[in-house]
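Q: Numbering (our numbering), first residue to last: 24 to 112.
1) Just mark residue 95 as buried or exposed, buried being the case when its beta carbon has 16 or more other beta carbons within 10 Å.
2) To the nearest angstrom, how far is it from the Cα of residue 41 to the Cα of residue 28?
3) Buried or exposed: residue 82, going by 16 or more other Cβ atoms within 10 Å of its Cβ?
4) Could you tell me which of 31, 103, 36, 112 sits nearest to residue 75, measuring between CA atoms?
5) So, using beta-carbon positions, are residue 84 and residue 49 closer together than 8 Å?
Here it is as structure tokens:
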């Protein structure tokens, strides 16, 4: 199982966008659980980012909700940002 850490910016974004939205919060936690077990599960649509976000990766929580993350090592991941496509890219 992969260890997941949240950076401070991610915590702020989570509180603002997810915490008070019950439906999205449930999808978020389901996605996090799936991600921790298998980061490249096809349901998550995990992909490498390019351009100014090179070195980072993203996966989908919902149609318009993405999580940006970084591999710290083989077993540890840092969540960097969460939001809609136009907010995080």
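All residues carry an ideal CB built from backbone N, CA and C; glycine is no exception. Please read all numbers here as calculations on a predicted model, not as lab measurements.
A: Reading off the structure:
1) That one is exposed.
2) Computed Cα separation, rounded: 17 Å.
3) Counting the other Cβ atoms within 10 Å of the Cβ of residue 82 gives 16 or more, which makes it buried.
4) Among 31, 103, 36, 112, the Cα nearest to that of residue 75 belongs to 112.
5) Judged by their CB atoms, residue 84 and residue 49 are not nearer to each other than the 8 Å cut-off.
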